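Following the UniProt record's numbering, the numbering of the sequence shown begins with 1 at its first residue and continues without gaps. Ideal Cβ positions, reconstructed from N, Cα and C, are used throughout, including at glycine. Remember, it's a predicted structure, so these values are computed and weren't measured experimentally. Just below is one structure, and these are the notes that go with it.
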Amino acid sequence: MLPTDSKKALSFKRCIEDGDLVIVYERHDVMKPVKVTKDGVLQNRFGFYKHSDWIGKPLGAKVFSNKGKFVYLLAPTPELWTLVLSHRTQILYIADISFVVMYLEVVPGCVVLESGTGSGSLSTSLARAVAPTGHVYSFDFHEQRAVCAREDFEKTGVCSLVTVEVRDIQGQGFPEKLEGLADSVFLDLPQPWLAVPSAAKMLKEDGVLCSFSPCIEQVQRTCEVLRSDFIEIRTFEVLLRTYEVKEMKVETGAVIGENHDEKENGGQRPSKRKHVSNEDDYAVSHDNNSSTAATSVVMARPCSEARGHTGYLTFARLQCLS
Ligand SMILES: C[S@@+](CC[C@H](N)C(=O)[O-])C[C@H]1O[C@@H](n2cnc3c(N)ncnc32)[C@H](O)[C@@H]1O
Numbered sequence: 001m002l003p004t005d006s007k008k009a010l011s012f013k014r015c016i017e018d019g020d021l022v023i024v025y026e027r028h029d030v031m032k033p034v035k036v037t038k039d040g041v042l043q044n045r046f047g048f049y050k051h052s053d054w055i056g057k058p059l060g061a062k063v064f065s066n067k068g069k070f071v072y073l074l075a076p077t078p079e080l081w082t083l084v085l086s087h088r089t090q091i092l093y094i095a096d097i098s099f100v101v102m103y104l105e106v107v108p109g110c111v112v113l114e115s116g117t118g119s120g121s122l123s124t125s126l127a128r129a130v131a132p133t134g135h136v137y138s139f140d141f142h143e144q145r146a147v148c149a150r151e152d153f154e155k156t157g158v159c160s161l162v163t164v165e166v167r168d169i170q171g172q173g174f175p176e177k178l179e180g181l182a183d184s185v186f187l188d189l190p191q192p193w194l195a196v197p198s199a200a201k202m203l204k205e206d207g208v209l210c211s212f213s214p215c216i217e218q219v220q221r222t223c224e225v226l227r228s229d230f231i232e233i234r235t236f237e238v239l240l241r242t243y244e245v246k247e248m249k250v251e252t253g254a255v256i257g258e259n260h261d262e263k264e265n266g267g268q269r270p271s272k273r274k275h276v277s278n279e280d281d282y283a284v285s286h287d288n289n290s291s292t293a294a295t296s297v298v299m300a301r302p303c304s305e306a307r308g309h310t311g312y313l314t315f316a317r318l319q320c321l322s
């Protein structure tokens, strides 16, 4: 039989219960986390929503306000959590996170060490990747950040998979009790080179380390230190390009925009645009079979507000001495 439910990963849970965290989705850029309580009410610009109407509904459900407008209730997956969590620090975003999880070779059952915890954005994805039998040990020297991270891991349902400890990793290194136990180590620290010798002791033979740094000077210093114990040292910058894809009707000399998000959002008026051609960066796919005067086209172009440089990711594998 296929597994349909899991206590460890809320994203596999299908029905909303009293006390659950859900992501209330209006549009891809308007979302918020809400704890469901049987007497709770959500208010937004579209009216009131009673939480009692949500309980028992499947995750992904469309729910209506007193004014007949709607939102979607989504599972707090690591991908969505990264977009809605409260920022107590700079955080890692999905492009870097996915690259880190892949290149650190994080799979179910792995033991991963991380410092600093920060806002727990990466930790939440690491937790899901090691579930159900692995563990993430996360360290931050800032006590309040550690407290908030633990609270967030409780809310998102990953607390049994992540342990947060308060520790100065640059000054003290990782704790001896974890020596030789880590499949991978991730560093997001201002002076990562100080933590590299300790990270090397924590890793199993063939284990992988990753260090995230916003500045190339930090990368250079880290690589100098990595050379004594590590091989396969490589640095990447991950740049993500998001596309806007819109269905439009082309009439003589005019294109009328029909934005999917606007449709989703209770049917706001589509914007009028001037004639758009390939020269304006749009890739155009015509519906040539259309017999009407207006031709339907699907247009795609890179979003103007794409995120630029976040940081450099340096990966290295512990040299095998045996
Ligand atoms: C940029 S944040 C990490 C963000 C995290 N990767 C995320 O995705 O949410 C860096 C964190 O490192 C912590 N930090 C800085 N120096 C540290 C040290 N010596 N030992 C442990 N943590 C440290 C800071 O308190 C901060 O929370």
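_Beta carbon of residue 164 nearer than 8 Å to that of residue 150_ = yes
_residue 181 - DSSP class collapsed to helix/strand/coil_ = coil
*By the 10 Å Cβ neighbour count, where 16 or more other Cβ atoms means buried, how is residue 199 classified, buried or exposed?*
buried
*Does the beta carbon of residue 192 fall short of 7 Å from some heavy atom of ligand 1?*
no
_alpha helix (DSSP H) segment containing residue 151, residue limits_ = 143-155
*Assuming residue 118 contacts residue 91 (C-beta within less than 8 Å), just tell me the rounded distance between them.*
6 Å
*Are three or more beta carbon pairs between the stretch 119-128 and the stretch 139-156 nearer than 8 Å?*
yes
*With hydrogens ignored, establish whether the beta-carbon of residue 40 is closer than 7 Å to any heavy atom of ligand 1.*
no
*Cα-Cα, which of 236, 224, 125 is closest to residue 212?*
236
_By the three-class DSSP mapping on this structure, what secondary structure does residue 207 have?_
strand
*asked:* By the three-class DSSP mapping on this structure, what secondary structure does residue 33 have?
replied: strand
*Local conformation of residue 213 per DSSP, three classes*: strand
*Check whether the Cβ atoms of residue 313 and residue 140 sit closer than 8 Å, and answer yes or no.*
no
*Under a Cβ-count criterion, where at least 16 other Cβ atoms within 10 Å of its own Cβ denotes burial, should residue 106 be classed as buried or exposed?*
buried
_What ranges does the beta strand (DSSP E) occupy inside the stretch 50-88, keeping only unbroken runs of at least 3 residues that lie completely in it?_
62-64, 70-74
*Taking residue 245 as the reference, give the member of 304, 204, 190 with the closest Cα.*
304
*Look up residue 296 in the DSSP assignment and give the residues it is bridged to.*
249
*What residues are listed by DSSP as bridge partners for residue 231?*
317
*Verify the contact flag: residue 347, CB atom, against every heavy atom of ligand 1, threshold strictly below 7 Å.*
With the chain covering only 1 through 322, there is no way to say anything about residue 347.
_Candidates 248, 294, 146, of which the one nearest residue 167 by Cα_ = 146
*Neighbour-count burial assignment, residue 28, 16 or more Cβ in a 10 Å radius*: exposed
*How is residue 101 classed by DSSP in three states: helix, strand or coil?*
helix
_Relative to the C-alpha of residue 44, which candidate in 60, 70, 37 has its C-alpha closest?_
70
*In this structure, does DSSP put residue 106 in helix, strand or coil?*
coil
*Would you call residue 108 buried or exposed, if buried means 16 or more other Cβ atoms sit within 10 Å of its Cβ?*
exposed
*Where does residue 307 sit, in a helix, a strand or coil, going by DSSP?*
coil
_Residue of 225, 319, 318, 60 minimising C-alpha distance to residue 26_ = 60
*C-alpha gap between residue 35 and residue 188, whole angstroms*: 30 Å
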